[in-house]
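The listed protein sequences correspond, in order, to chains A and B.
Just so we're aligned: the first sequence equals residues -2 to 553 in the numbering used here.
Just so we're aligned: the second sequence equals residues 723 to 972 in the numbering used here.
Backbone N, C-alpha and C fix where the C-beta goes; we use that ideal spot for every residue, glycine too.
Down below is the structure, laid out as structure tokens.
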Amino acid sequence: MKKFILPIFILGLPQMLNAATAATQLEGGFKVGPAIILITILCVFVLVGIIFRAKDTNDFYAAGRSISRTGSGMAIASNWMSAASFLGMAALMYGSGYHGLAYVVGWTGGYVLLLILMAGQIRKYGKYTAADFIGDRYYSQTLRATGAIIAILISISYCVGQFAGIGLMFKWILGLDYTWSVIIGGSVVLVYTLISGMLGVTKNMQIQYVIIIVSFLIPLFILTFKFDYFWILPQIGYGSVVSDITNGIQSAGVAEMVNSMGHSFAITASPEYSMPWDPATGKTYFQWMAIAFSLMIGTAGLPHVIQRFYVVPKASDARWSVVWGLFFICLLYWSAPVYSAFGKILSAHPEVGKLSKDAIVVYTAQLGNIHPLIVGLLAAGGVSAAFSTVSGLLVAGASAFSHDLYVKVINPKASPKTQLLMARLGTVAMAFIVTMIALLQLGLIGQLVAVAFSLAGCTIFPLFLLGIWWSGSNRQGAFAGLIAGGLISIISITYFVAGKQGVVLPFHDFISYYLEAWYFAWIGAPLAIIANIVVSLLTKETPVEIRKFLIEQVHS
Amino acid sequence: MVSEKNDYHISFFRPTTPRALHNRNMVLWLVSIWAVAIFGFQIALYVLEKPTPEPELTAFEKVWENVKAGNASIDEIKTFAHSTLHVAGKVFIASEHRAALDNGISWATMQLADSAQKVAIGNALIHFEEATSNAKLVTDDHYVTSKLKLKALVQPVIGLQPGTVLSEILPLELNSSLTEVITEENKAIIEACMPLYTIHNRSVLTDTKFLGFPFHYFYTAVFLLILFIGLCYAYCVRVDAYNKRMSIAD
């Protein structure tokens, strides 16, 4: 690997150093240094993917079940820390203040549910995919196929936000337009997912985690040090930044404390940034609660997250990998608000103009006069975050297509070679669909990803929750729950898409507020659970072999 | 392990084995702590909060009727200019609201200037607007010099200290086509948007400081995440301990 990286580094070094001034522009222009960093990182990903590539279907789906607790925790964190976490979360807080913290809480609190309600039991159930579990537990090929289709839809919805993030970062680094940036970035991630499968992906995820977290943290130490806050622990030091935004900074008082455009580190008192559900942000208490709840139950229902528990050797490893994963995730989630707080002050002057919220992490580093190469590393970290998640999502989607739809429903006699081919075809098809949707730019990255969470919360989560914890939940109940959750999902997404197209449907304001696409699971999930329970109680009992398996294998 | 009586039924709320009972109790405890910590705190925030205006809104409301009627004194116009400029400089401001506030600020600036200052400011403003439309970067010399000239003229008129954040943004909030009157439409917008940006939901939880943070912000952004890790850690330790005690292998 050194043979490849060293010449790239040596050849690129002069350009990287000369690029220092070019990269200080907030927009436009090809940035040589950051581009070389990005290309180097991508080469490392592809090489690691080749070295650890899947040799058979067992490797492709579940990495040979050979990953350690810490390694799996890192992979969980890397898989989780997507463009939505790296770029989107700071964007949400930058754009709506305290409201954005609902996403921080929602995207971390869900892991508690996932751990105590599902992780160990899922591993004990011993299946490859979410649809596998649904098909076996509810003894229905139709439900297996439906589960697979839902898993694919969730993966596509989740990937759209990631491709948007990749597009933004490629646009910033390469100076290309958004369309080409999405196409190029999407092609690269597709190639290496195809080459590597999940074993390579899991190895890559561990490397990606290190790159993501290092690139994300370095600028924070510099920003807090430069602007005279408690820099030893920026995740605490930025508390004073939040208070300064709330109370205002009349003048920095120190000539050096300026942003890269020469504006003083000052801001008008803006309590609306930190106060809960402030009218100025246009967000309400109900929305805060609905988002937090929807994201939490969505976390416990995401196929690509659930699937990670299949790659650890034992149930206890599955449990501990969640603890490690959550710790690694929180390192980033404690840090993201720092960017939005500094970003608010550094971009407060009207001359800075309106910035793309989803790129505020990078803009904040630029406005904070951080060295362009470090900003370049930060942007490359953003791409890594998106890549790590997309690769996991593509594998989950491809698994659903190949394993759950093709092998289990369409062609049970398919050879391993055919299965692998179908998985790869599924990956290509998904990447193509995601690219097309990402080009429409339907919302902020974090919001687009939140749609996937609500969809998972309304459909997969109730099936897993009741499937594991109540043997009384039967096939008919599962169908009823899926219909209830699916109906809410369809209504919400229809109104969302219609609204984006300028079409006003009946009860538009009511539906758009109470069933907004980012949080419709707040009602969809409870309805699905109730429907499942009621119909299960009214229909024929779950077969004894399923109940026996549950009690002897899953809960013993 | 399973008696014939229960016939392989499993239910979270009606555990049939000692392990299931242990697990249920632990899960109920953890989920209760989790739910109260997250939603209980937000409910407390909601219950305790009081809409609290900023001092700028109080000052604005004292002078607004006279400004609107066109019979405000010099001091009242100055107060009006300061309060609207304060809102125009906020971090969340809709563009249509900013345009209306700019109308108020531009009008107030000219009302406060004497006749000689009016001519000088008017010329400097037009010059600055030309420089703005021609500038490619905010560092262009022509743009910077015309902005500094305008700033030097308007700062004393409004009564702002040099170097303060409001004095820095003032030139950018002026519009030469909006200096004569505040339009009726913009008066309505100003009246509606001033409370929107200057009334906040505050309580003892938001006004208490902890490690530099407003307490509620620290709780939600930092503490809750620590709690989540703690809950997960406690669960794993207890499950492992129970499995060891009962000689259960994974």
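Cα-Cα separation, residue i to residue j
i       : j       : result
L417(A) : G389(A) : 16 Å
V749(B) : I294(A) : 16 Å
T930(B) : A393(A) : 46 Å
F306(A) : Y91(A)  : 34 Å
A426(A) : L445(A) : 20 Å
V903(B) : M254(A) : 38 Å
G443(A) : A88(A)  : 8 Å
L807(B) : L918(B) : 15 Å
L927(B) : V944(B) : 15 Å
C959(B) : I113(A) : Before going further, note that residue 959(B) is Val rather than Cys in the sequence given. Cα to Cα, the separation comes out at about 12 Å.
R741(B) : R967(B) : 11 Å
S969(B) : E549(A) : 16 Å
I151(A) : P216(A) : 33 Å
T143(A) : G85(A)  : 30 Å
S313(A) : D962(B) : 8 Å
I796(B) : Q284(A) : 44 Å
D133(A) : L460(A) : 12 Å
K537(A) : T139(A) : 18 Å
S399(A) : I430(A) : 17 Å
L946(B) : Q232(A) : 14 Å
D129(A) : S137(A) : 10 Å
L512(A) : V879(B) : 51 Å
Short CB-CB distance (under 8 Å) between residue i and chain B
i       : result
S271(A) : yes
L98(A)  : yes
G365(A) : no
Y135(A) : no
L112(A) : yes
W317(A) : yes
V302(A) : no
S82(A)  : no
A289(A) : yes
I587(A) : No answer is possible for residue 587(A): it lies beyond the span of chain A, which begins at -2 and ends at 553.
H505(A) : no
T278(A) : yes
T105(A) : yes
Y95(A)  : yes
T21(A)  : With a pLDDT of 41 at T21(A), under the threshold of 50, the modelled position of that residue is not reliable, and the figure given next carries that caveat. Not closer than 8 Å to any Cβ of chain B, the Cβ of T21(A) fails to qualify, so no.
G454(A) : no
Within-8 Å CB hit, residue i to chain A
i       : result
A781(B) : no
S733(B) : yes
Y964(B) : no
V758(B) : no
I912(B) : no
V961(B) : yes
F850(B) : no
H744(B) : no
H808(B) : yes
Q877(B) : no
V813(B) : yes
I951(B) : yes
T801(B) : no
I891(B) : yes
E818(B) : no
Rounded distance between the beta-carbons of residue j and residue i, thought under 8 Å
i       : j       : result
C455(A) : S486(A) : 5 Å
I153(A) : R141(A) : Wrong, their Cβ atoms sit about 19 Å apart, outside the cutoff.
A794(B) : V785(B) : 6 Å
E778(B) : V789(B) : The pair is not a contact, with the Cβ atoms about 14 Å apart (cut-off 8 Å).
V109(A) : W756(B) : 5 Å
G826(B) : I891(B) : Contact flag wrong, Cβ pair sits at about 14 Å.
Test: residue i CB closer than 8 Å to a CB of chain E
i       : result
Q473(A) : Although the question refers to chain E, the structure presented lacks it and instead comprises the protein chains A and B.
**Prompt:** For the 8 Å Cβ check, are there 3 or more pairs between the segment 90 to 106 of chain A and the segment 275 to 282 of chain A?
**Reply:** yes
**Asked** Which residues, in order along the segment 254 to 270 of chain A, keep a beta-carbon less than 9 Å from a beta-carbon of chain B?
**Response** M258, G259, H260, S261, A263, I264, T265, A266, S267, P268, E269 and Y270
**Prompt:** So, do the segment 199 to 217 of chain A and the segment 465 to 473 of chain A have three or more beta carbon pairs nearer to each other than 8 Å?
**Reply:** no
**Selection of the segment 921 to 946 of chain B by Cβ proximity to chain A, strictly under 8 Å** = I921, H922, N923, R924, T928, K931, F932, L933, G934, F935, P936, H938, Y939, F940, T942, A943, V944 and L946
**Request:** For the segment 729 to 744 of chain B and the segment 935 to 954 of chain B, state whether three or more C-beta atom pairs, one from each stretch, are separated by less than 8 Å.
**Result:** no
**Asked** Can at least three beta-carbon pairs, one atom from the segment 526 to 538 of chain A and one from the segment 499 to 517 of chain A, be found at a separation below 8 Å?
**Response** no
**Asked** Do the segment 313 to 325 of chain A and the segment 469 to 478 of chain A make contact, defined as three or more Cβ pairs closer than 8 Å?
**Response** no
**Message:** Between the segment 340 to 356 of chain A and the segment 880 to 899 of chain B, can you find at least three pairs of beta-carbon atoms closer than 8 Å?
**Reply:** yes
**Request:** Indicate whether the contact test is met: 3 or more Cβ pairs, each with one atom in the segment 815 to 822 of chain B and one in the segment 843 to 860 of chain B, closer than 8 Å.
**Result:** no
**Message:** So, does the segment 372 to 390 of chain A touch the segment 31 to 38 of chain A, judging by three or more C-beta pairs under 8 Å?
**Reply:** yes
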